[in-house]
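Numbering (the working numbering), first residue to last: 10 to 342.
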């Protein structure tokens, strides 16, 4: 392994039991400040709707707040679910963010709804077909170019010349193929969809088109999602990981609950449920600093990732900040 993958953070702004939404957002802002100091490369916010335990609804507003409280780190979306939005509005928002904060804003784009069908309908969700997504990306790039006029012959003037960096987020072979077709970096959602992620990465690299009109990178660039918990001991990290296991178990049965404190997971969940949850969370590095460093090194050798994007839920913000610190010290040293 010639160079270790850079580290990024994916934040869904989890809301813990006993915590207000304002508290959760502030905890995320503090995490972004620390990440800026600790050497992480990116801090991205997801998009979710109608979720009791997640405050990552208005992604561009979270990006603005985090960017205003940091100095160096790139801040962006992981991602904007493009069919939920008008592309013109998206590029105007991210053009404005770039005017505010300079060229450290990333626009990660996905096709998933990030919610249930009824909420998607109320959001005015439109087609998620690959050709429609590709057309929207081309339009947004045109609006963010030096001449800003798209095929509609109108301008998004606040975005003109910003050339906002774009990523494709995906959890499937289709998403990987779309990223390759567009010549854009690919962020694979292996942290919750691990079953085909290696095949998706291989397809993306094999089919990458650097000559595409929408290409923004010269060669394939892969970000791999990983569930990471770092603590002083393996046992303590596994205990903290049980918070994420509980959240995924509840999600699997449609149960609404806030982010729960750690628990004895084998006593809490039936064995078949725990097996299913652990299968979904298979791409993980949980343990002491040395354990996590070894697992990430193995994953880097296996995937040849350019970046890892770290995902987790913590009930206690102090444990979150400590895990983030220990990871930076172990991996970015």
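Even glycine gets a Cβ: it sits at the ideal position worked out from N, Cα and C.
Neighbourhood of residue i by C-beta distance below 7 Å, restricted to the same chain and skipping five residues each side
i: residue 218; result: 189, 190, 192 and 224
i: residue 30; result: 24 and 64
i: residue 182; result: 205, 208, 209 and 212
i: residue 134; result: 92, 93 and 122
i: residue 44; result: 18, 52, 82 and 333
i: residue 221; result: 190, 191 and 192
i: residue 253; result: 236, 290, 321 and 322
i: residue 142; result: 91, 120 and 187
i: residue 14; result: 309, 314, 315, 316 and 317
Close beta carbons around residue i, own chain, < 6 Å, minus the five adjacent residues each side
i: residue 78; result: 38 and 42
i: residue 155; result: 170
i: residue 115; result: 83, 85 and 174
i: residue 128; result: 58 and 59
i: residue 164; result: 157 and 158
i: residue 300; result: 243
i: residue 203; result: 291 and 292
i: residue 102; result: 69
i: residue 304; result: 294
Local Cβ density within 10 Å of residue i, reported as buried at 16 or more and exposed below that
i: residue 95; result: exposed
i: residue 248; result: buried
i: residue 109; result: exposed
i: residue 18; result: buried
i: residue 242; result: exposed
i: residue 307; result: exposed
i: residue 130; result: exposed
i: residue 166; result: exposed
i: residue 251; result: buried
i: residue 341; result: exposed
i: residue 70; result: exposed
i: residue 262; result: exposed
i: residue 27; result: exposed
i: residue 111; result: exposed
Proximity to residue i [Cα-Cα], best of the options
i: residue 100; options: 293, 113 and 168; result: 168
i: residue 34; options: 54, 261 and 185; result: 54
i: residue 213; options: 229, 201 and 204; result: 229
i: residue 302; options: 264, 337, 209 and 321; result: 337
i: residue 91; options: 68, 276, 305 and 335; result: 68
i: residue 246; options: 309, 184 and 323; result: 323
i: residue 180; options: 21, 172, 196 and 342; result: 196
i: residue 136; options: 150, 222 and 119; result: 119
i: residue 289; options: 74, 263, 164 and 200; result: 200
i: residue 150; options: 98, 186 and 198; result: 98
i: residue 194; options: 70, 226, 216 and 184; result: 226
i: residue 260; options: 124, 22 and 103; result: 124
i: residue 140; options: 184, 203 and 36; result: 184
i: residue 339; options: 48, 32 and 144; result: 48
Integer-rounded CB distance, given that residue j should sit under 8 Å from residue i
i: residue 272; j: residue 255; result: 7 Å
i: residue 291; j: residue 231; result: Not quite, the Cβ-Cβ distance comes to about 18 Å (not below 8 Å), so this is no contact.
i: residue 93; j: residue 122; result: 7 Å
i: residue 12; j: residue 316; result: Going by Cβ atoms, the distance from residue 12 to residue 316 rounds to 11 Å, so no, they are not a contact pair.
i: residue 234; j: residue 332; result: That pair is no contact at about 16 Å.
i: residue 277; j: residue 286; result: That belief does not hold up - the Cβ atoms of residue 277 and residue 286 are roughly 11 Å apart, past 8 Å.
i: residue 58; j: residue 132; result: 7 Å
i: residue 153; j: residue 172; result: 5 Å
i: residue 106; j: residue 73; result: 6 Å
Proximal residues to residue i (C-beta, below 8 Å), its chain only, five neighbours per side dropped
i: residue 113; result: 76, 81, 82, 83 and 84
i: residue 61; result: 24, 265, 266 and 267
Any non-hydrogen atom of the ligand SAM closer than 7 Å to residue i Cβ
i: residue 199; result: The ligand SAM is not part of the structure shown, which contains no ligands of any sort.
message: For the structure I just gave you, are there three or more beta carbon pairs, one from the segment 164-176 and one from the segment 85-100, closer than 8 Å?
response: Touching, yes, given that three or more Cβ pairs across the two stretches are closer than 8 Å.
task: Evaluate the contact criterion for the segment 153-172 versus the segment 274-284: three or more CB pairs, one atom per stretch, below 8 Å.
output: no
- prompt: Taking three-plus beta-carbon pairs below 8 Å as touching, is the segment 318-331 in contact with the segment 260-276?
  reply: yes
field: Three-pair Cβ contact test at 8 Å for the segment 293-300 versus the segment 234-244
entry: yes
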